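Below you'll find the structure, written out as structure tokens, and then a few comments.
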Amino acid sequence: MDRQAVEPNMEDAAAMTRRDAIARLMAITGTLAIGAELFITGCRAPDAKHRTEPLTAAEASLLDEVAETIVPTTDTPGAKAAGVGPFMAATAKSCYDDRIYASFRRGITTLDKESRDKSGRSFVESTPAERTALLNELDREQRKHTREKSDDEAPHYFRLMKELALIGYFSSEIGCTRALRYVESPGSYDGNLPYKKGDRAFFNPSRRLGVTQS
């Protein structure tokens, strides 16, 4: 093992964490995250410096429930347990330019209105089945929007929410150690590891931090 690579500075480690999360997102969705270049460089969008107003408690609560619907609690903790809602709010505020951030903020209101129009209840008050049905519909809508939009048109708000939910969860401690299989570093190489369909993928911190093994 190369000991010089074991202790990168914290800024490098944070960048590698984001880079690894983006790679996992691409594996899940087959596409690159909106604002990915800013995730890697430290989420310092030039437009973000004037954004001082935080999300309201109602907006933050809605994001928590959106994330939990996308990554629900099953035999492993879901997105709410991993604190994904606050991550989504903070990352959007820091990483998106004004055009994309405006789409994200409007989307919070739009999603809740869609819920009220369809079920008569806010998204937070809706049943799990109602939430899932609505988000599946919005996912189809955002895919169509992404295919057909012009270059200067903002991304669909639900694409932004879905990406942030997945990045937040799979770069969290819970996502890395409970949803994925965590491998302590350093570890040994096994070129013939048994595998059966449905086994969880591995999370290896040595890859995340750029550690080489010999």
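For the sequence shown, my numbering gives the first residue as 5, with consecutive numbering after it. Think of the CB as a built atom: it goes at the ideal place given N, C-alpha and C, for glycine as much as any other residue. These figures come from a predicted structure and were not determined experimentally.
Per DSSP, S175 is not a residue of any alpha helix (DSSP H), being assigned neither H nor E.
Considering only G87, S126, L115, the residue with the shortest C-alpha distance to N140 is L115. G179 and D155 have their C-alpha atoms spaced approximately 33 Å apart. E177 sits away from V128, with the two beta carbons spaced by 8 Å or more. For T73, the CB contacts under 8 Å within the same chain, skipping 5 residues up- and downstream, are P132, R135, T136, L139 in chain order.
Here the stretch 168 to 177 lies against the stretch 79 to 88, with 3 or more beta-carbon pairs under 8 Å apart. Inclusion of A96 and L142 in the CB contact set at 8 Å is not warranted, their separation being larger than that value.
Under the three-state reduction of DSSP output, G202 falls in the coil class, being neither helix nor strand. For the set G202, L59, T181, the Cα lying nearest the Cα of A106 is the one of L59.
Non-local C-beta neighbours of G89 in its own chain, meaning closer than 7 Å and more than five positions away in sequence, comprise A64, L67, D68, A71, ordered along the chain.
As the crow flies, the alpha-carbon of S126 is around 11 Å from that of A62. Counting along the chain, Y105 sits inside the alpha helix (DSSP H) bounded by residues 102 to 123.
DSSP places A83 in the coil class of the three-state scheme, outside both helix and strand.
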